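Peer 1:
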Amino acid sequence: MLDIQILRNDIQGAAKRLESRKFSLDVAFFQALEAERKTVQTRTQELQARRNAASKAIGMKKAKGEDASEILAEVASLGDELKQNEASLDEIQGKMQAFLLSIPNLPHESVPFGQSEADNVEVSRWGEPKHYDFEVRDHVALGEGLSMLDFETAVKIAGSRFTLMKGAIARLHRALSQFMLDLHTTEHGYVEVYVPYMVNPESLRGTGQLPKFEEDLFKIPIGLPESTNAEYADILSKGVDSFKGHQRYYYLIPTAEVPLTNIVRDEILAPESLPIKYVAHTPCFRSEAGSYGRDVRGMIRQHQFDKVELVQIVHPEKSYEALDSLLGHAEEVLRRLELPYRVVSLCSGDMGFSSAKTYDIEVWLPAQKAYREISSCSNFEAFQARRMQARFKSGGKNELVHTLNGSGLAVGRTLVAILENNQQSDGSVSVPEALRPYMGGLERISAG
RNA sequence: GGAGAGUUGGCCGAGUGGUUUAAGGCGCACGCCUGGAAAGCGUGUUGAGGCGUAAGUCUCUCGGGGGUUCGAAUCCCCCAUUCUCCGCCA
15 MLDIQILRND IQGAAKRLES RKFSLDVAFF QALEAERKTV QTRTQELQAR
65 RNAASKAIGM KKAKGEDASE ILAEVASLGD ELKQNEASLD EIQGKMQAFL
115 LSIPNLPHES VPFGQSEADN VEVSRWGEPK HYDFEVRDHV ALGEGLSMLD
165 FETAVKIAGS RFTLMKGAIA RLHRALSQFM LDLHTTEHGY VEVYVPYMVN
215 PESLRGTGQL PKFEEDLFKI PIGLPESTNA EYADILSKGV DSFKGHQRYY
265 YLIPTAEVPL TNIVRDEILA PESLPIKYVA HTPCFRSEAG SYGRDVRGMI
315 RQHQFDKVEL VQIVHPEKSY EALDSLLGHA EEVLRRLELP YRVVSLCSGD
365 MGFSSAKTYD IEVWLPAQKA YREISSCSNF EAFQARRMQA RFKSGGKNEL
415 VHTLNGSGLA VGRTLVAILE NNQQSDGSVS VPEALRPYMG GLERISAG
């Protein structure tokens, strides 16, 4: 959420910066609503002040045993107008809140301008893609050849966009997450956290997935009878506090970013507790609505995948420093696994809703002859913190923290990268040195 | 799942419709006192926001929401959550 002061003071400037990310800010709507708010709020507060003064006077008269019927009659006439103004103010503030929640973050000045993926800027490259003197197979062919990846059975027991892994590949998958967690906790200073895989809508609103991106999530009703979608949409935009008769939902987490970052929601932190660095390994669930036809083959794009996620909660002056370090922590995983990659700075048009600046790490996939996203590291500045009211004490004042996160890494895609990059001519796959301790010393995955 | 009891400021804790404008304590900050410190004394100390150049002033905030009332921490309803007991369970 943007600071409403930015819209009050320099809405044209904000509109221009948002335009670079293909968001059209409704300036006229905001200004009209803001003017209305001002009028109604001033009037409401004036009436409230009069009512409070009168009520106090009544109390004092009654305490002295005097007659208060004159003031009583006077204050009664305020009632209707006050009620009307309060209701109207409530409605305006609801609209304002919904409007603010729908606006994406402002891109940092260093973010390259651009429309799409094609305009992202490569900032670094590590490792050399190997040369293969045989025809390379993709991970599907390799995994099925080893009888260790089974997409058909996954379709039978769940549906498309799920994977079944068996034997050494299942173990490799487990080894990867163990290896990543160990690296980040013992060498990069993160605290390991086990989190809920289902969260409430308040948490998703805090990190920015709600109210705008509900269709990307898996949603689970709890308790109570169904309310209509329209009613629920209204609750999402105005406020998600429960009240009589309304359905509550849990959502499957689309990333551990949601539970990890929301640890500090509604907290006022001690300044010396910063930076806070959390890491968690969780499954992630995404409905992938609107991605029909994209990456349908293999385990690149799944409804369920594992990810090791890094989150940092930092002092606002340190957040870009922290973004560099976090990016380095994610890169280190690929270096240890000896997988070639590059880092790109996402352009304004390709960044996520909540982000002020994002670096993607892309790993080389020989079967696709392309670099593919395996990690996304972002600085959200105060955007999520403002939604979450996550603050720290700063010289007597409360100041919003900055939040960051990055994948370190997406486990399924890392597995794909290892299978494809380490394949041998006979269809076997060599196990990266760094993972062998986690694989009982196994050096090569072969059929049988 | 059933029954009961709780949720008050950074923390503890009082408060059953009207000087509660939330007592008191702890902690913290500043000041006085002191050679310095402790003790003592004094002042301040929830958060969000409106109006105003400012001084200031007003509104909201006692787990969340709704209601009753001129007036709600206090009464009513719904929800969340914590604790105790029972049931079930990995």
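Residue numbering for the first sequence follows the numbering used here, beginning at 15 and increasing consecutively.
Positions of the beta carbon are idealized from the N, C-alpha and C atoms, including for glycine.
Predicted model, so just to flag it, every value in this text is computed and none were measured.
How big is the Cα-Cα spacing for L429 and Y355?
Peer 2: Roughly 14 Å separates the two Cα atoms.
Peer 1: Classify Y208 as buried or exposed, calling it buried when 16 or more other Cβ atoms lie within 10 Å of its own Cβ.
Peer 2: Under this definition Y208 is an exposed residue.
Peer 1: What are the start and end residues of the alpha helix (DSSP H) that includes A71?
Peer 2: Segment 41 to 77, the alpha helix (DSSP H) holding A71.
Peer 1: Beta-carbon within less than 7 Å of M179's beta-carbon, same chain only, minus the 5 sequence neighbours each way: which residues are those?
Peer 2: Closer than 7 Å at the Cβ level, and outside the excluded window around M179, lie M162, L163, H187.
Peer 1: Look at the Cβ atom of A461, then the Cβ atom of V150, and state whether they are nearer than 9 Å.
Peer 2: Contact: no.
Peer 1: Helix, strand or coil for N436 per DSSP?
Peer 2: It is coil, neither helix nor strand.
Peer 1: Would you say I267 and G426 are within 9 Å of each other, going by their C-beta atoms?
Peer 2: Result no, Cβ atoms of I267 and G426 do not sit closer than 9 Å.
Peer 1: Let me check one thing: in DSSP terms, what residues is K321 bridge-paired to?
Peer 2: DSSP, once it has assigned bridges, lists T296, A424 as partnering K321.
Peer 1: Mapping DSSP to helix, strand and coil, what is S241?
Peer 2: The pLDDT assigned to S241 is 47, lower than 50, so where the model puts this residue is not dependable, and the model offers no usable value.
Peer 1: Determine the closest residue to Y146 out of Q318, E447, S439, with distance taken between C-alpha atoms.
Peer 2: The shortest C-alpha separation from Y146 is found at S439.
Peer 1: For the alpha helix (DSSP H) that contains L114, what are its first and last residues?
Peer 2: Unbroken alpha helix (DSSP H) run through L114: 93 to 115.
Peer 1: Can you list, in chain order, the residues of its chain whose CB lies under 6 Å from that of Y385, leaving out five sequence neighbours each side?
Peer 2: Taken in chain order, the residues that qualify are R356, E376, W378.
Peer 1: Is DSSP giving K30 helix, strand or coil here?
Peer 2: Residue state, collapsed to three classes: helix.
Peer 1: For the 8 Å Cβ check, are there 3 or more pairs between the region 392 to 400 and the region 163 to 176?
Peer 2: With a cut-off of 8 Å, the region 163 to 176 and the region 392 to 400 do not count as touching, because too few Cβ pairs lie within range.
Peer 1: To the nearest angstrom, how far is the alpha carbon of D309 from that of L103?
Peer 2: Between D309 and L103, the C-alpha separation is close to 48 Å.
Peer 1: Between the Cα of S34 and the Cα atoms of A370, R450, K407, Q437, which residue gives the shortest distance?
Peer 2: The residue with the shortest Cα to Cα distance from S34 is A370.
Peer 1: Assuming D338 is part of the alpha helix (DSSP H), what are its boundary residues?
Peer 2: Element bounds for D338: 333 to 350.
Peer 1: Hey, could you find the ends of the alpha helix (DSSP H) D196 is sitting in?
Peer 2: Where D196 is concerned, the enclosing alpha helix (DSSP H) stretches over 181 to 200.
Peer 1: Take the Cβ of S359 as the centre, count every other Cβ of all protein chains shown within 10 Å, and call the residue buried at 16 or more, exposed below.
Peer 2: Classification for S359: buried.
Peer 1: Per DSSP, what are the beta-bridge partners of C391 in this structure?
Peer 2: For C391, which the question treats as bridged, DSSP gives the partners Y373, G420.
Peer 1: List the residues that DSSP assigns as beta-bridge partners of P235.
Peer 2: Answer by DSSP bridge pairing, in chain order: Y263.
Peer 1: According to the Cβ coordinates, are Y373 and A189 closer than 9 Å?
Peer 2: For Y373 and A189, no; Cβs fall outside 9 Å.
Peer 1: Under three-state DSSP, which class holds V328?
Peer 2: V328 falls in the strand class under three-state DSSP.
Peer 1: So C391 and L341 are supposed to be a Cβ contact under 8 Å. How far apart are they, rounded?
Peer 2: C391 to L341, Cβ: 5 Å. Contact.
Peer 1: Tell me, to the nearest whole angstrom, how far the beta carbon of E457 is from that of V445; I am working on the premise that it is less than 8 Å.
Peer 2: With 8 Å as the limit, E457 and V445 qualify as a contact, their Cβ atoms being about 6 Å apart.
Peer 1: Across which residues does DSSP place A384 in a beta bridge pair?
Peer 2: In DSSP, A384 forms a bridge with L379.
Peer 1: If I follow the unbroken alpha helix (DSSP H) through R400, where does it start and stop?
Peer 2: R400 -> alpha helix (DSSP H) spans 397 to 402.
Peer 1: Give the straight-line distance between the Cα atoms of H317 and K407, rounded to the nearest whole angstrom.
Peer 2: Each residue's Cα considered, the two are about 40 Å apart.
Peer 1: Excluding the 5 residues flanking G441 on each side, which residues of the same chain have their C-beta closer than 6 Å to its C-beta?
Peer 2: Once the five neighbours on either side are set aside, the close Cβ partners of G441 are G159.
Peer 1: Tell me, to the nearest whole angstrom, how far the beta carbon of A336 is from that of L418; I am working on the premise that it is less than 8 Å.
Peer 2: About 6 Å; that satisfies the 8 Å criterion.
Peer 1: For H416, which of Q19, L283, E387, A87 has the nearest alpha-carbon?
Peer 2: Of the candidates Q19, L283, E387, A87, the one whose C-alpha sits nearest the C-alpha of H416 is L283.
Peer 1: Using the three-state DSSP reduction, which class does V445 fall into: helix, strand or coil?
Peer 2: Residue state, collapsed to three classes: coil.
Peer 1: Out of curiosity, what's the CA-to-CA distance linking G141 and K52?
Peer 2: Computed Cα separation, rounded: 59 Å.
Peer 1: Could you check where the alpha helix (DSSP H) with E527 kicks off and where it finishes?
Peer 2: This structure leaves residue 527 out entirely; the chain is present only between 15 and 462.
Peer 1: When you compare the CB positions of D364 and N134, do they come within less than 9 Å of one another, or not?
Peer 2: Yes. Within cutoff.
Peer 1: Where do the N-terminal and C-terminal ends of the beta strand (DSSP E) with R405 fall, by residue?
Peer 2: Residues 405 to 408.
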